[in-house]
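Structure record follows, encoded as structure tokens.
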Amino acid sequence: MSPSGSSRGAGPGPRFAVVGNPENRRVGLFAAAVRAAALPVPRVVPWQDVLRDGGAAFAADEIVRLESPGENADVDRALRGVDDPTRVEGSGRWYERFTAAVRSLRGGVRLDDPDELGVLFDKRRCHDVLARAGVPVPASPTSGATVAVRGWDDVRDLMREHRMPRTFVKLAHGSSASGVLAVETAGPGRVQATTSVELADGRLHNSLQVRRYRDEREIAAIVDGLAPDGLHIERWLPKASLDGRAADLRIVVVGGRATHAVVRTSRSPLTNLHLGGARGELSTAMEAAGARWAEALETCERAAACFPGTLCVGVDLLPAIGWRRFAVGEINAFGDLLPRLTGLPGSGAEGLDTYAAQVAAVRHGATSASQAPEPFESPQSPGDPGPRPGQRHPAARHSASVASQPVEPPQPRQSPQPPDDSCPAPHHPARNHHASP
Numbered sequence: 023m024s025p026s027g028s029s030r031g032a033g034p035g036p037r038f039a040v041v042g043n044p045e046n047r048r049v050g051l052f053a054a055a056v057r058a059a060a061l062p063v064p065r066v067v068p069w070q071d072v073l074r075d076g077g078a079a080f081a082a083d084e085i086v087r088l089e090s091p092g093e094n095a096d097v098d099r100a101l102r103g104v105d106d107p108t109r110v111e112g113s114g115r116w117y118e119r120f121t122a123a124v125r126s127l128r129g130g131v132r133l134d135d136p137d138e139l140g141v142l143f144d145k146r147r148c149h150d151v152l153a154r155a156g157v158p159v160p161a162s163p164t165s166g167a168t169v170a171v172r173g174w175d176d177v178r179d180l181m182r183e184h185r186m187p188r189t190f191v192k193l194a195h196g197s198s199a200s201g202v203l204a205v206e207t208a209g210p211g212r213v214q215a216t217t218s219v220e221l222a223d224g225r226l227h228n229s230l231q232v233r234r235y236r237d238e239r240e241i242a243a244i245v246d247g248l249a250p251d252g253l254h255i256e257r258w259l260p261k262a263s264l265d266g267r268a269a270d271l272r273i274v275v276v277g278g279r280a281t282h283a284v285v286r287t288s289r290s291p292l293t294n295l296h297l298g299g300a301r302g303e304l305s306t307a308m309e310a311a312g313a314r315w316a317e318a319l320e321t322c323e324r325a326a327a328c329f330p331g332t333l334c335v336g337v338d339l340l341p342a343i344g345w346r347r348f349a350v351g352e353i354n355a356f357g358d359l360l361p362r363l364t365g366l367p368g369s370g371a372e373g374l375d376t377y378a379a380q381v382a383a384v385r386h387g388a389t390s391a392s393q394a395p396e397p398f399e400s401p402q403s404p405g406d407p408g409p410r411p412g413q414r415h416p417a418a419r420h421s422a423s424v425a426s427q428p429v430e431p432p433q434p435r436q437s438p439q440p441p442d443d444s445c446p447a448p449h450h451p452a453r454n455h456h457a458s459p
């Protein structure tokens with residue numbers, strides 16, 4: 023079972039409801055953390071029921087947590103409208119139906135703000151929010167969704183106009199590297215795209231193999247096929263390395279505080295673990311960053327502070343060559359699936375996995391501040407009756423106040439790392455039986 027802390031403070035406490043896929047490990051891991059805290063077993067509301075019934079209602083005292091609707095073929099079909107689960111297309115339809123389903127939930131106390139989820143699942147809008155807040159992000163001509171990208175010709179024009187010979191082209195509403203291309207150009211007719219997209223018989227499929235396309239006609243066919251779902255373009259920033267492999271970080275922020283971190287490395291531009299990336303030594307990354315490690319954590323907290331109504335996010339942080347500067351690549355609303363990974367030293371979540379840290383944040387957010395240690399203190403006064411039904415939980419609102427506080431750099435040490443087979447799976451099944459071009 024995941025490390026989930028002790029069950030001190032047993033007795034009356036928050037009552038959780040989880041909207042998710044009951045069979046999914048995310049739901050199981052969160053339920054285990056709730057049970058370990060001696061709290062009532064969460065009520066699970068299946069996404070399939072929400073989509074079928076046009077919504078769901080929650081009691082006034084239920085703390086409502088949303089889990090990813092991924093990894094369920096029936097739910098995926100209902101959201102994307104695509105029969106083949108390996109197909110890449112349909113993310114635009116997924117976004118419309120998912121955000122509508124989120125808005126259809128009634129009552130309860132929310133840990134995920136519906137409006138903020140709408141931004142978090144649109145890379146163009148999310149980039150704009152971060153940039154306006156002064157959070158370092160890669161340059162992007164599509165930030166704010168003000169520029170239409172209708173296909174490869176538009177991508178080529180934007181790359182040329184903004185002097186971006188190396189770019190990432192992403193689905194605006196994609197996840198798990200689905201539909202991501204790392205594009206490099208070197209003059210007329212010389213182009214290469216690295217991606218997990220498989221082009222087969224004119225159709226686009228998710229694959230577990232990273233492949234390189236050098237025929238511009240094939241690259242154009244992929245981009246043209248993705249464009250109707252919406253595209254986001256970012257400058258490809260050279261990243262720092264560990265042991266000769268490109269590296270980035272997934273840092274989880276709970277209640278405004280960076281609590282968990284994992285290093286991902288790869289020999290390709292895509293570091294996702296399900297695409298062949300590997301975990302790096304966190305202690306090595308911390309030592310490489312030195313005093314800048316505090317800046318890395320603070321950057322993630324500043325990014326999370328842009329979404330004060332959302333209790334937990336996973337921030338993909340891009341370290342520049344030399345580990346002296348950092349930029350935020352993406353923010354993931356469901357970026358906490360890091361089984362058995364315990365909290366960073368000095369984070370207040372030592373010994374807790376990501377789910378137990380969120381349970382602790384909610385528990386402390388529902389009691390008086392005098393009973394809650396940092397960083398999960400309660401913003402409520404002892405006389406505050408608590409959040410009203412349908413409003414955000416105070417633990418989620420707390421992020422804006424915590425994120426502005428300086429973070430002391432922890433002493434380098436190796437944080438427990440989960441095994442590679444526990445990495446997050448892609449939202450859509452992938453084919454792995456075709457050879458890479």
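All letters in the sequence shown, in the order written, are residues 23 to 459 by our numbering. Idealized CB from N, CA, C, for every residue including glycine.
Taken in chain order, the complete alpha helix (DSSP H) segments of 4 or more residues contained in the stretch 85-169 are 95-102, 113-125, 136-142, 145-154. Contact annotation: the stretch 234-252 touches the stretch 159-174, with at least three C-beta pairs closer than 8 Å. Less than 7 Å separates the beta-carbon of Phe38 from that of Pro64. In the DSSP assignment, Phe190 falls within the unbroken beta strand (DSSP E) covering 188-193.
Per DSSP, reduced to three states, the secondary structure at Asp358 is coil, with no helix or strand assignment. Beyond the five residues adjoining it in sequence on each side, Ala242 comes within less than 7 Å, by CB distance, of Trp174 in the same chain, given in chain order. Counting every other CB atom within 10 Å of its CB across the protein chains shown gives His184 a total below 16, marking it as exposed. Secondary structure at Gly278: coil, using DSSP grouped into helix, strand and coil. For Leu304, the three-state secondary structure derived from DSSP is helix. Phe80 has Gly129 as its beta-bridge partners, per DSSP. Spanning the alpha carbons of Ala378 and Phe80 requires a straight line of approximately 23 Å.
Nearest to Arg87 by alpha-carbon distance, out of Val110, Val49, Cys328, is Val49. Judged by DSSP in its simplified three-state form, Arg314 adopts helix. Closest option to Leu363, judged by alpha-carbon separation, among Ala222, Leu374, Leu319: Leu374.
A direct Cα-Cα distance of roughly 15 Å separates Cys334 from Val141. As computed with DSSP, Thr217 is found in a beta bridge with Leu203, Arg233.
Closest in C-alpha terms to Glu118, from the list Arg128, Thr321, Val157, Arg102, comes Arg102.
In the three-state scheme derived from DSSP, where H, G and I count as helix and E and B as strand, Val350 is classed as strand. Between Phe190 and Ala170, the gap from beta carbon to beta carbon reaches 7 Å or more. Under the Cβ criterion (8 Å, minimum of three pairs), the stretch 320-338 counts as touching the stretch 351-358. If you draw a straight line from the Cα of Asp144 to the Cα of Ser165, it comes to about 10 Å.
Nearest to Gly365 by C-alpha distance, out of Ala325, Arg301, Arg182, Val284, is Val284. In this structure the stretch 274-289 does not touch the stretch 254-262; the number of beta carbon pairs closer than 8 Å is below three. The Cβ atoms of Arg146 and Ala167 lie closer than 7 Å to each other. DSSP, reduced to helix, strand and coil, places Leu366 outside both helices and strands of the structure shown, so it counts as coil. The beta-bridge partner set that DSSP reports for Leu73 is empty. One thing to note: Ala161 has its Cβ within 7 Å of the Cβ of Arg257. Shortest Cα-Cα distance from Ala222 to any of Val213, Ile244, Gly211 involves Ile244.
Distances from the alpha-carbon of Arg233 to those of His227, Leu226, Glu220, Gly224 put Glu220 closest. In this structure, the beta-carbon distance from Leu339 to Cys322 falls below 7 Å. Pairing Val124 with Ser200 gives a Cβ-Cβ distance that is not under 7 Å.
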